[in-house]
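Under the UniProt record's numbering, the residues of the sequence shown are numbered 1 to 303, in order.
These notes are about the structure you will find just below.
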Amino acid sequence: MDLNQLKTFVTVAEEQHLTRAAERLFTSQPAVSAQLKALEGTLGVTLFDRTPKGMQITPAGQTLLPQARAALEAAHSVLTHAKAIQGQVNGTLSIGINTDFAFLRLAQILASTQADYPDIKLSFVNSMSPDIIIDIRKGNLDTGFIYGPCTSADLSVIFLERVETNILAPIGWADRARDASLAELAALPWVYTTEKCPFIALKKALFAGTNLDPAKLVYVDNEDAMRELVRAGAGIAILRSDIAELAEREGWGIRWAGAVPTIDLSIAVQARRLKEPMIQAWLQQVKKHWPKANTPELARDAI
Numbered sequence: 001m002d003l004n005q006l007k008t009f010v011t012v013a014e015e016q017h018l019t020r021a022a023e024r025l026f027t028s029q030p031a032v033s034a035q036l037k038a039l040e041g042t043l044g045v046t047l048f049d050r051t052p053k054g055m056q057i058t059p060a061g062q063t064l065l066p067q068a069r070a071a072l073e074a075a076h077s078v079l080t081h082a083k084a085i086q087g088q089v090n091g092t093l094s095i096g097i098n099t100d101f102a103f104l105r106l107a108q109i110l111a112s113t114q115a116d117y118p119d120i121k122l123s124f125v126n127s128m129s130p131d132i133i134i135d136i137r138k139g140n141l142d143t144g145f146i147y148g149p150c151t152s153a154d155l156s157v158i159f160l161e162r163v164e165t166n167i168l169a170p171i172g173w174a175d176r177a178r179d180a181s182l183a184e185l186a187a188l189p190w191v192y193t194t195e196k197c198p199f200i201a202l203k204k205a206l207f208a209g210t211n212l213d214p215a216k217l218v219y220v221d222n223e224d225a226m227r228e229l230v231r232a233g234a235g236i237a238i239l240r241s242d243i244a245e246l247a248e249r250e251g252w253g254i255r256w257a258g259a260v261p262t263i264d265l266s267i268a269v270q271a272r273r274l275k276e277p278m279i280q281a282w283l284q285q286v287k288k289h290w291p292k293a294n295t296p297e298l299a300r301d302a303i
């Protein structure tokens, strides 16, 4: 039995599917099957039942799963402490990003990280805040930027900044949108993010206490698409204030005159990994360029 076999066991248990587990482990499905078979042979128990819907963990597998996770965490801790003793800060850090590079100040963070810690390599992954949280918890990402609430007790969240937002309408809708009532706004076509996006919570807060249900035009999964649809005259959307202000300066958008709730921007990491040298180095660099950043605290509601 080796650590790779235990990692395979835990990954298959989380994904409940050989193909998805193989993708996470950057290996082939036959290799995953071989690892599981070898581990089952060593342990003398069946860990999974193979079904048409995927891999169903057995009662024996369910019993052993927490111990397998603990063994992997212990091995990771030994390696981390050994590097700390040697004064090494090196490796690759995978970082989830939920919005554009410029807003997150990633060019500046990257430059200072390369200057202070040349042996750390940064890998950025575009995603959405809820998916970033899931991937951090699963170990697919080391850390990531997120909007809005995070109630996962096993994560620590470092607040970076409270982000102002606006409702942005196409420039041709100025007479209809700038001074519109909530009822008039609700009657206009809206460009929505997906239901799991934290910006949906802003819309719900805006219309809380009313019976209004804003018209839905289309769902998109990123701010770039929302911005371009507003620019094209398709509908209105809740966007960051800096995006809305730029749209007005460039002459293709108009901001609603009313107030829209703010949303917190934070960075998240597994709480148990906070003392790792590479995580500490990364957070140090982030705080250089986000001066309002606070100290790590347990995940909490941000809206």
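Yeah, the Cβ is synthetic: ideal placement off N, Cα and C, and Gly gets one too.
How long is the line joining the alpha carbons of residue i and residue j, rounded to whole angstroms?
{"i": "residue 198", "j": "residue 147", "result": "6 Å"}
{"i": "residue 53", "j": "residue 67", "result": "26 Å"}
{"i": "residue 233", "j": "residue 247", "result": "13 Å"}
{"i": "residue 260", "j": "residue 241", "result": "10 Å"}
{"i": "residue 205", "j": "residue 262", "result": "10 Å"}
{"i": "residue 158", "j": "residue 79", "result": "25 Å"}
{"i": "residue 3", "j": "residue 49", "result": "22 Å"}
{"i": "residue 117", "j": "residue 143", "result": "17 Å"}
{"i": "residue 57", "j": "residue 37", "result": "14 Å"}
{"i": "residue 226", "j": "residue 191", "result": "6 Å"}
{"i": "residue 176", "j": "residue 189", "result": "12 Å"}
{"i": "residue 264", "j": "residue 92", "result": "27 Å"}
{"i": "residue 19", "j": "residue 138", "result": "16 Å"}
{"i": "residue 278", "j": "residue 103", "result": "23 Å"}
{"i": "residue 187", "j": "residue 62", "result": "51 Å"}
{"i": "residue 151", "j": "residue 134", "result": "12 Å"}
{"i": "residue 218", "j": "residue 136", "result": "29 Å"}
{"i": "residue 172", "j": "residue 214", "result": "20 Å"}
{"i": "residue 236", "j": "residue 64", "result": "52 Å"}
{"i": "residue 46", "j": "residue 282", "result": "41 Å"}
So what's residue i in DSSP terms, helix, strand or just coil?
{"i": "residue 176", "result": "helix"}
{"i": "residue 144", "result": "strand"}
{"i": "residue 198", "result": "coil"}
{"i": "residue 286", "result": "helix"}
{"i": "residue 123", "result": "strand"}
{"i": "residue 49", "result": "strand"}
{"i": "residue 255", "result": "strand"}
{"i": "residue 264", "result": "strand"}
{"i": "residue 96", "result": "strand"}
{"i": "residue 189", "result": "strand"}
{"i": "residue 78", "result": "helix"}
{"i": "residue 170", "result": "strand"}
{"i": "residue 44", "result": "coil"}
{"i": "residue 91", "result": "strand"}
Between residue i and residue j, which are expected to be in contact by the criterion C-beta below 8 Å, what is the C-beta distance as a whole number of angstroms?
{"i": "residue 160", "j": "residue 267", "result": "6 Å"}
{"i": "residue 178", "j": "residue 256", "result": "7 Å"}
Only counting the same chain, and skipping five residues up and downstream in sequence, which positions put a Cβ closer than 7 Å to that of residue i?
{"i": "residue 305", "result": "Nothing can be reported for residue 305, as the shown portion of the chain is limited to 1 through 303."}
{"i": "residue 1", "result": "39, 42"}
{"i": "residue 130", "result": "196"}
{"i": "residue 11", "result": "21, 24, 25"}
{"i": "residue 288", "result": "112"}
{"i": "residue 33", "result": "18"}
{"i": "residue 35", "result": "4, 5, 8"}
{"i": "residue 101", "result": "107"}
How is the beta strand (DSSP E) around residue i delimited, first residue to last?
{"i": "residue 56", "result": "54 to 57"}
{"i": "residue 310", "result": "With the chain represented from 1 up to 303, any question about residue 310 goes unanswered, as that position is not in the structure."}
{"i": "residue 237", "result": "237 to 240"}
Which residue marks the beginning of the alpha helix (DSSP H) containing residue i, and which one marks its end?
{"i": "residue 10", "result": "3 to 15"}
{"i": "residue 27", "result": "Taken as a continuous stretch (DSSP letters only), residue 27 belongs to no alpha helix (DSSP H), as it is neither H nor E."}
{"i": "residue 109", "result": "106 to 116"}
{"i": "residue 136", "result": "129 to 138"}
{"i": "residue 218", "result": "Unbroken run through residue 218 is the beta strand (DSSP E), 215 to 220; no alpha helix (DSSP H)."}
{"i": "residue 230", "result": "223 to 231"}
Among the residues of its own chain, which have a CB less than 8 Å from the CB of residue i, if the five just before and after it don't count?
{"i": "residue 6", "result": "39, 68, 71, 72"}
{"i": "residue 181", "result": "none"}
{"i": "residue 290", "result": "105, 160, 161"}
Can you list, in chain order, the residues of its chain with a C-beta nearer than 6 Å to that of residue i? Leave out the 5 residues immediately preceding and following it.
{"i": "residue 15", "result": "21"}
{"i": "residue 231", "result": "252"}
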